[in-house]
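Participant:
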Amino acid sequence: MGTTTLITPAALAESLFNAGQVLLMLDYDGTLVPLAPTPAQARPAAELLRILKKLGGLPQYKVAVISGRTLTDLTTLLPVPGIFLVGGHGIEIGSPAGEVNYLLDYKYITKIINKLEQLAKYCLNNKDGFLLENKGYSLALHYRLAEPSMAQSALNKFIELSKPIIQKHDLNILPGKKVLEIRPAAMHKGKAVNYLQQLYPYSLAVYFGDDTTDEDAFRALKKGLSILVGSQPYDSAANFKLNSPLEVLEFLILLEKQKNVV
Ligand SMILES: [Mg+2]
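Numbered by this note's numbering, the letters in the sequence shown go through residues 977 to 1238 in order.
1. Could you give the residue range of the beta strand (DSSP E) that holds N1148?
2. Between E1075 and P1010, what straight-line distance do the alpha-carbon atoms span, to the nearest angstrom?
3. So, are the CB atoms of L1061 and T1046 less than 8 Å apart?
4. Is the segment 1203-1217 touching the segment 1100-1107, taking contact as three or more C-beta pairs under 8 Å?
5. What's the call for F1184, buried or exposed, on a 16-neighbour Cβ count within 10 Å?
6. Start and end of the beta strand (DSSP E) containing S1043?
7. Does the Cβ of A986 have 16 or more other Cβ atoms within 10 Å, making it buried, or fewer, making it exposed?
8. Give the range of the beta strand (DSSP E) segment to which E1123 is assigned.
9. In three-state terms, what does DSSP make of D1190?
10. Is any non-hydrogen atom of ligand 1 found closer than 7 Å to the C-beta of D1186, if you look at the structure I gave you?
11. Any chance the CB of G1032 is under 7 Å from a heavy atom of ligand 1?
12. Within the same chain, show all residues whose beta-carbon is closer than 6 Å to that of F1272, passing over the 5 residues directly before and after it, in chain order.
13. Closer than 6 Å by C-beta to F1227: which residues in its own chain qualify, once you throw out the five before and the five after it? Chain order, please.
Set out below in structure tokens:
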């Protein structure tokens, strides 16, 4: 793995000066907007909405926000015309014109996820403290409020019984913070990066992200610049590093100003 070099917002903006067409791809939580105690509290600043709208309207830029959130959720948080919104780690692509494309067989995967939801309901058996979230293309079992030992035995039962389905259909079980998520193995942010770079092959591609799910995007990037946001305990595939979402915003503001000068 290469090294990740700390860069200032000004130096990064300057490196894009005279780059011609730029494809700007950004994660949402922890990258554009600071992490909050709950996802609902992670709201964009008015200044961020203004900048994204401005950049989305400039012909030099294609802007895409790529997140693990659903497209519906992203559309509510970022009511910005003229940019791509990509939900579900790259599965749901909302185009600047408002069209929606799926990067996998949505109907097929939904059928399997529904089957797994039924199985999860059976295993959890109406016990308190669980929350099932069916996103259509993925299933999340939240157990933050469940009694720990009871949660463990219910989840073990689910993992055991769901194994044949998960293996047969090439799904992954991903443990998170008090949540278990099941989703297609083929679904990750790198897919969205490939899709967008194919649409804009002559643009300089730049990707910003703060989390392990962004590493797929960093690795998928063909040429271009990858920027890690914040400090992470793992080795990142990113070329550069900014310190915080605040510096990402600072960079976007500088980019907009630069274009005004040209
Ligand atoms: Mg993030």
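Cβ coordinates follow ideal geometry from the N, Cα and C atoms, glycine included.
Facilitator: Here's the rundown:
1. Here the beta strand (DSSP E) through N1148 covers L1147 to G1152.
2. 28 Å
3. no
4. no
5. buried
6. No beta strand (DSSP E) holds S1043; DSSP gives it neither H nor E.
7. exposed
8. No beta strand (DSSP E) contains E1123, which DSSP labels as neither H nor E.
9. helix
10. Checking every heavy atom of ligand 1 against the Cβ of D1186, one is found closer than 7 Å.
11. Outside the cutoff, so no.
12. Any property of residue 1272 remains undetermined from this structure, which presents the chain solely from 977 to 1238.
13. Around F1227: P985, L988 and A989.
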